[in-house]
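Colleague: The sequence shown begins at 1 in UniProt numbering and counts up one residue at a time.
Backbone N, C-alpha and C define an ideal beta-carbon position, used for all residues, glycine too.
Owing to the predicted nature of the structure, the values given are computational and were not obtained by experimental measurement.
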Amino acid sequence: MAQNGRLSFIAEWFHVEAGITRSYLLTYHLNDNAVELYDQRSKKTFLRRTKMPELTPRDFFVGSKINVFGRPFDIVDYADEISRNTLAKYRKRGFVLLKSSMWPKNLGEFLTTLIDNKININNAQMVQFTPTTVTQFLASKQDDDVHTSVLMNELLAGPAISLEVIGDNVVEIIYACSKYNTEKASTKIVLSPSMQRLFEREDVRYGFYCSEREENVAKDLKFFFEERHSIIKDCQFKNTTLAIIKPHIIKDGFLGQLLKEILSSGFKITAMRMLLMARVNCEEFYEVYRGVLPEFIPMVAQLASGVCMCLEIASEDPEKNSHQEFRSFCGPMDPEIAKLLRPHTLRSKFGSSKVLNGIHCTDLPDDTNLELQYMFKILE
Numbered sequence: 001m002a003q004n005g006r007l008s009f010i011a012e013w014f015h016v017e018a019g020i021t022r023s024y025l026l027t028y029h030l031n032d033n034a035v036e037l038y039d040q041r042s043k044k045t046f047l048r049r050t051k052m053p054e055l056t057p058r059d060f061f062v063g064s065k066i067n068v069f070g071r072p073f074d075i076v077d078y079a080d081e082i083s084r085n086t087l088a089k090y091r092k093r094g095f096v097l098l099k100s101s102m103w104p105k106n107l108g109e110f111l112t113t114l115i116d117n118k119i120n121i122n123n124a125q126m127v128q129f130t131p132t133t134v135t136q137f138l139a140s141k142q143d144d145d146v147h148t149s150v151l152m153n154e155l156l157a158g159p160a161i162s163l164e165v166i167g168d169n170v171v172e173i174i175y176a177c178s179k180y181n182t183e184k185a186s187t188k189i190v191l192s193p194s195m196q197r198l199f200e201r202e203d204v205r206y207g208f209y210c211s212e213r214e215e216n217v218a219k220d221l222k223f224f225f226e227e228r229h230s231i232i233k234d235c236q237f238k239n240t241t242l243a244i245i246k247p248h249i250i251k252d253g254f255l256g257q258l259l260k261e262i263l264s265s266g267f268k269i270t271a272m273r274m275l276l277m278a279r280v281n282c283e284e285f286y287e288v289y290r291g292v293l294p295e296f297i298p299m300v301a302q303l304a305s306g307v308c309m310c311l312e313i314a315s316e317d318p319e320k321n322s323h324q325e326f327r328s329f330c331g332p333m334d335p336e337i338a339k340l341l342r343p344h345t346l347r348s349k350f351g352s353s354k355v356l357n358g359i360h361c362t363d364l365p366d367d368t369n370l371e372l373q374y375m376f377k378i379l380e
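1. Is the beta carbon of Thr270 closer than 8 Å to that of Gln324?
2. Quick one: using the 10 Å Cβ neighbour count with 16 as the cut-off for buried, is Thr130 buried or exposed?
3. Which residues does DSSP pair with Trp13 in a beta bridge?
4. Would you call Gly19 buried or exposed, if buried means 16 or more other Cβ atoms sit within 10 Å of its Cβ?
5. What's the gap between the Cα of Lys105 and the Cα of Ser264?
6. Taking just the CA atoms, how far does Asp39 sit from Ser23?
7. For Lys233 and Met126, which I take to be in contact (beta-carbon distance under 8 Å), what is that distance rounded to the nearest angstrom?
8. Quick one: measure Cβ to Cβ for Pro342 and Gly351, integer angstroms, because I've assumed they're closer than 8 Å.
9. Am I right that Leu30 and Arg6 are in contact with their C-beta atoms under 8 Å? What's the rounded C-beta distance?
10. Would Met152 and Leu163 be called neighbours here (beta carbons separated by less than 8 Å)?
11. Using only the alpha-carbon positions, how far apart do Thr86 and Pro53 sit?
12. Mind listing, in chain order, the continuous alpha helix (DSSP H) runs of no fewer than 4 residues lying wholly within the region 260-287?
13. Indicate the three-state DSSP secondary structure (helix, strand or coil) for Arg197 in the structure shown.
14. Under 8 Å Cβ to Cβ from Val165, same chain only, skipping five residues before and after it: list those, please.
15. May I ask you to report which of helix, strand or coil DSSP gives Tyr374?
16. Specify the secondary structure class of Asn321 as computed by DSSP and reduced to three states.
17. In or out: residue 381 buried (at least 16 other Cβ within 10 Å) or exposed?
18. Taking all protein chains shown into account, decide if Asp220 is buried (16 or more other Cβ within 10 angstroms of its Cβ) or exposed.
19. Grouping DSSP H, G and I as helix and E and B as strand, with all else coil, what is Gly94?
20. Exposed or buried, His344, counting other C-beta atoms within 10 Å across all chains shown (16 or more means buried)?
21. Along the chain, which unbroken stretches of the beta strand (DSSP E) at least 3 residues long are found entirely within the region 159-188?
22. Rounding to the nearest angstrom, what Cα-Cα distance links His229 and Gln257 in this structure?
23. Are the beta-carbon atoms of Ala11 and Phe69 separated by less than 8 Å?
24. Glu319 to Lys238, Cα distance in whole Å?
25. CB-CB under 6 Å to Met375, same chain, minus the five flanking residues each way: which ones, in chain order?
26. For Thr378, count neighbouring Cβ atoms within 10 angstroms of its own Cβ and tell me buried if that reaches 16, exposed if not.
27. Give me the Cα-Cα distance between Leu259 and Ser140, rounded to the nearest whole angstrom.
28. In or out: Glu371 buried (at least 16 other Cβ within 10 Å) or exposed?
29. Can the beta-carbon of residue 413 be found closer than 8 Å to that of Met274?
30. Tell me the residue span of the beta strand (DSSP E) that contains Met126.
31. To which residues of the same chain is His360 closer than 6 Å at the C-beta, ignoring the five residues directly before and after it?
32. Tell me which same chain residues have a C-beta within less than 6 Å of the C-beta of Phe60, skipping the five on either side of it?
33. Provide the residue span of the beta strand (DSSP E) that contains Arg84, from first to last.
34. Considering only residues of the same chain and omitting the five flanking positions on each side of Gly108, which have a CB-CB separation below 7 Å?
35. Which word fits Ile75, buried or exposed, when buried means at least 16 other C-beta atoms lie within 10 angstroms of its C-beta?
36. Consult DSSP for Asp116 and reduce its assignment to one of helix, strand or coil.
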């Protein structure tokens, strides 16, 4: 893939205590999944070549976030032309905005189809537009193939989900999906059969907005994931509970399937965000299990190993106890026990061990708002 079997990047780590951002030269060795870090300020090696089996080549691209021994690093640029020429033309970033008319019924299938076609979800959050914020977002769309007045009304109708997607030629592919089976359908992009089946449906095809040109992708991603426009959908904090889809589910490509199970089983998602947690935050979040569960350390390591998806979950039936219903739906912590006693639960279907059990759910009803506050308010 690259000369000498390695890729080089400029990576940044924000040192919270010092309040500064440090820049590093990050080298990833393809033949043994090893990482090196060199501190560019002090001119010293920060991490000698160390194997990181949980990382794969697909984790490394400009815009990605990786966790190295509990420290979250943002890859901000390529460090040499070889890495740039190897990856830049393939590992593109795209932007997709799912409208409230589409995602509650189709989110799981939509994401599964993208993932099955090697388009990964790098970031996601639920947003709630106001007349002011939707005007700000649409201000730069006047020259695009967008009916702004129609889109404005659609975005004001309910919560939307913004996605950063990564894949080969992803901008062209997603735009071709939005025009599939129409007069403006692309003749250059050939969609896979699974994409054709999904996007021939009008409710899906007209149920999302995407950046149609690469120069617009950066603007849209900045608007939703970097700038502060007060558009992130707040939690309800009333008869809801927390769920965290663990990093191994996302890395193994099961994110869409797990979400589909949740949304088709009597639950709805009322808030969402993806984030990469520092190890210290993972330890703090799991503190109640320290000294109680022998799996505490590997549980922390798993949660810190990559991006996770945090969800506020509510039962579709307001008369039901959302925490109790969802905790029961997740099943026993040990998937082996779940497979024997509760085969229809999430952990039975998606888990393989107590640590890799697919999903975290709040244990105690009194902790639901505390955990939601931690994930959606305290962590930035």
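Modeller: So, to answer that:
1. For the purposes of this step, residue 324 is taken as the residue at position 324 of the sequence shown. For the purposes of this step, residue 270 is taken as the residue at position 270 of the sequence shown. Not a contact, by the Cβ cut-off of 8 Å.
2. To locate residue 130, count along the sequence shown from 1; it is residue 130. Burial call: exposed.
3. To locate residue 13, count along the sequence shown from 1; it is residue 13. In the DSSP output, where bridge partners are listed per residue, Trp13 has Arg22.
4. What you label residue 19 is simply residue 19 of the sequence shown in a count that begins at 1. Burial call: exposed.
5. Looking up residue 105 in the sequence shown gives position 105. Looking up residue 264 in the sequence shown gives position 264. One Cα belongs to Lys105, the other to Ser264, and the distance between them is close to 8 Å.
6. For the purposes of this step, residue 23 is taken as the residue at position 23 of the sequence shown. For the purposes of this step, residue 39 is taken as the residue at position 39 of the sequence shown. Ser23 and Asp39: Cα-Cα distance of roughly 7 Å.
7. Here residue 233 refers to the residue found at position 233 when the sequence shown is read from its first residue. Here residue 126 refers to the residue found at position 126 when the sequence shown is read from its first residue. Indeed they touch by this definition, with Cβ atoms about 4 Å apart.
8. For the purposes of this step, residue 342 is taken as residue 342 along the sequence shown, with counting starting at 1. For the purposes of this step, residue 351 is taken as residue 351 along the sequence shown, with counting starting at 1. Checking the sequence, you will find Arg at residue 342 rather than Pro. 11 Å between Cβ atoms; not a contact.
9. Counting from 1 along the sequence shown, the entry for residue 30 is found at position 30. Counting from 1 along the sequence shown, the entry for residue 6 is found at position 6. Right, the Cβ-Cβ distance comes to about 6 Å (below 8 Å), so this counts as a contact.
10. To locate residue 152, count along the sequence shown from 1; it is residue 152. To locate residue 163, count along the sequence shown from 1; it is residue 163. No. Outside cutoff.
11. Taking the first residue of the sequence shown as position 1, residue 86 is located at position 86. Taking the first residue of the sequence shown as position 1, residue 53 is located at position 53. Cα-Cα distance, rounded: 22 Å.
12. 279-285
13. Here residue 197 corresponds to residue number 197 of the sequence shown, with the count starting at 1. In this structure, Arg197 counts as helix in the three-state DSSP scheme.
14. Along the sequence shown, read from residue 1 onward, the residue named residue 165 stands at position 165. Around Val165: Arg93, Gly94, Phe95, Val96, Leu114, Ile119, Asn120, Ile121, Asn122, Ile174.
15. As a working note, residue 374 is residue 374 in the sequence shown. Three-state DSSP puts Tyr374 in a helix.
16. One-based indexing of the sequence shown puts residue 321 at position 321. The answer is coil: DSSP assigns Asn321 none of H, G, I, E or B.
17. Coverage of the chain is limited to positions 1 through 380, which leaves residue 381 absent and any answer about it impossible.
18. On the sequence shown, residue 220 is found 220 positions in, with the first residue counted as 1. Counting the other Cβ atoms within 10 Å of the Cβ of Asp220 gives 16 or more, which makes it buried.
19. Here residue 94 corresponds to residue number 94 of the sequence shown, with the count starting at 1. Strand at Gly94.
20. Sequence index remark: in the sequence shown, residue 344 carries index 344 (1-based). The residue is exposed, with fewer than 16 neighbouring Cβ atoms inside 10 Å.
21. 160-167
22. Along the sequence shown, read from residue 1 onward, the residue named residue 229 stands at position 229. Along the sequence shown, read from residue 1 onward, the residue named residue 257 stands at position 257. Going by the C-alpha atoms only, they are around 31 Å apart.
23. As a position in the sequence shown, residue 11 is number 11, starting the count at 1. As a position in the sequence shown, residue 69 is number 69, starting the count at 1. Contact flag unset, no.
24. Against the sequence shown, residue 319 aligns to sequence position 319. Against the sequence shown, residue 238 aligns to sequence position 238. The straight-line gap from Cα to Cα measures roughly 12 Å.
25. Along the sequence shown, read from residue 1 onward, the residue named residue 375 stands at position 375. The residues are Cys310.
26. The residue given as residue 378 occupies position 378 in the sequence shown. The sequence given here places Ile at residue 378; Thr does not occur at that position. Per the 10 Å Cβ criterion, exposed.
27. In the sequence shown, counting from the first residue as 1, residue 259 sits at position 259. In the sequence shown, counting from the first residue as 1, residue 140 sits at position 140. Roughly 32 Å between the two C-alpha positions.
28. Counting from 1 along the sequence shown, the entry for residue 371 is found at position 371. Buried: at least 16 other Cβ atoms inside 10 Å.
29. No information on residue 413 is available, as it lies outside the stretch 1 to 380 that the chain covers here.
30. By 1-based counting over the sequence shown, the position of residue 126 is 126. Here the beta strand (DSSP E) through Met126 covers 120-127.
31. Along the sequence shown, one-based indexing puts residue 360 at 360. Closer than 6 Å at Cβ, skipping near neighbours: Ile244.
32. Mapped onto the sequence shown, residue 60 falls at position 60. Counting only Cβ-Cβ distances below 6 Å, and skipping sequence neighbours, we find Leu7, Tyr28.
33. Along the sequence shown, one-based indexing puts residue 84 at 84. Unbroken run through Arg84 is the alpha helix (DSSP H), 81-87; no beta strand (DSSP E).
34. As a working mapping, residue 108 is identified with position 108 in the sequence shown. Spatial neighbours of Gly108 in its own chain (CB-CB distance under 7 Å, excluding positions within 5 residues in sequence) are listed in chain order as Gly256, Gln257, Leu259, Lys260, Leu263.
35. As a working note, residue 75 is residue 75 in the sequence shown. So Ile75 counts as buried.
36. Reading the sequence shown from its first residue, position 116 is the one you call residue 116. Three-state DSSP puts Asp116 in a helix.
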